[in-house]
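Numbering (the working numbering), first residue to last: 4 to 308. Every residue, glycine too, gets a C-beta built ideally from N, C-alpha and C. The structure displayed is predicted, hence computed values, not measured ones.
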Amino acid sequence: MFEKLFESNGLSLDRLRSFLSFAVAGSIAKAAPRDVNRQSQISRQISELETFFGAELTERRGKELVPSAAGDRLAELIRQQLRDLEDFQHEQAKTKKAFTIGAGASILDWLVLPVIGAIRDELGQATVSLETFRSHTLVEAVKNGRVDFAIVRKNALPENAKSKPLIDLTFHLCLSRHLLKRGTPASAADDPKVWQTLPFTAGKDGGQLDVTLRQAMLEAGVDFHPVVECNSMLQARQLIESGECAGVLPSVGIHGLEAKGIVVREFAPLKNYGRHLVLHWNERQMRRRGVDGAAIKQIALVLRR
4 MFEKLFESNG
14 LSLDRLRSFL
24 SFAVAGSIAK
34 AAPRDVNRQS
44 QISRQISELE
54 TFFGAELTER
64 RGKELVPSAA
74 GDRLAELIRQ
84 QLRDLEDFQH
94 EQAKTKKAFT
104 IGAGASILDW
114 LVLPVIGAIR
124 DELGQATVSL
134 ETFRSHTLVE
144 AVKNGRVDFA
154 IVRKNALPEN
164 AKSKPLIDLT
174 FHLCLSRHLL
184 KRGTPASAAD
194 DPKVWQTLPF
204 TAGKDGGQLD
214 VTLRQAMLEA
224 GVDFHPVVEC
234 NSMLQARQLI
244 ESGECAGVLP
254 SVGIHGLEAK
264 GIVVREFAPL
274 KNYGRHLVLH
284 WNERQMRRRG
294 VDGAAIKQIA
304 LVLRR
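Shown next as structure tokens:
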């Protein structure tokens, strides 16, 4: 069985591991920083694999070699096989498997971390690694096996991708009451003329929400210049809680704010910007890893709660 795979030299576990490290890093230099000898070894092993498979596994992009389309495919296969072997090792040693969950930073903090224990229960008390990426990157990571579960926008998924609905996000203007003039009702925060007077925080990453918020302010006639630009929604919430800034937060991030004296109002310009978050996974990978549909359904239920 598989005799042809071993009729010629060039295939070995060490070569495959080296190629995967190169593919994950994106270049030979990044796979072995400051180690010229290791870089030379990886380069030689890639060449040996190319000879073995009869395929160009790399291509030049600028000054660096990066994985070709065939190389990306090989890396996906290597990752699957090594993960299977690692799972088998854990099963025989009766130790816990490891799973990776990916989402945006604020979603991990507000949606995943509060129920991480229940998620681990559904995965047989597995160890869990959390990864922070945007939706489109996570969809690709699930496809190639780098991430087991991802919480992403539904509209980022390709057609027929496996998913379960989690939560529909709405967006809310949040500000400390002291940022409004004394005696002004909370409803005044719905007025664009008031927005013009507020010290706002907003994102600076050019993401969809940030771009949409800035466009909404422009259309409302607001000359929008945030006093603090943040890397994440978590930072924005901290600034809002401190009373330093006003800001727009998703519904998953407003829990407990009103009890702290924060005015929370539905932000009308983003009323139709609702985002549908889903739990996404690769069905083939779940079968390989021994995670059945019942466990996935329970994980989705836990996250919805």
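Check	Outcome
With a Cβ-Cβ cutoff of 7 angstroms, do S179 and V155 count as a contact?	no
Let me check one thing: in DSSP terms, what residues is S71 bridge-paired to?	Bridge partners of S71: none, in fact.
For the alpha helix (DSSP H) holding D213, just list the boundary residues, first then last.	211 to 222
Nearest to A262 by CA position, among R290, V145, H93, C177, is which residue?	C177
Mind checking D151: buried by the 16 CB within 10 Å criterion, or exposed?	buried
Measure the C-alpha to C-alpha separation of Q199 and A223 and round it to an integer number of angstroms.	10 angstroms
Identify whether G120 lies in helix, strand or coil by the three-state DSSP scheme.	helix
Please report the Cβ distance between L237 and T204, rounded to the nearest whole angstrom; I am assuming they are in contact, meaning their Cβ atoms lie under 8 angstroms.	L237 to T204, Cβ: 12 angstroms. No contact.
For H175, does the count of other Cβ atoms within 10 angstroms reach 16, so buried, or fall short, so exposed?	buried
Under DSSP, the alpha helix (DSSP H) around G296 begins and ends at which residues?	296 to 307
Between the segment 209 to 229 and the segment 65 to 84, do three or more beta carbon pairs fall short of 8 angstroms?	no
Considering only residues of the same chain and omitting the five flanking positions on each side of E42, which have a CB-CB separation below 6 angstroms?	According to the sequence shown, residue 42 is Gln rather than Glu. Result list for Q42: I31, A35, in chain order.
Kindly give me the distance between the Cβ atoms of H283 and L160, rounded to whole angstroms, as I take these residues to be in contact under 8 angstroms.	6 angstroms
Between A303 and G74, what straight-line distance do the alpha-carbon atoms span, to the nearest angstrom?	34 angstroms
Report the rounded CA-to-CA distance for P202 versus L306, giving the unit in angstroms.	34 angstroms
Can the beta-carbon of S235 be found closer than 7 angstroms to that of A108?	yes
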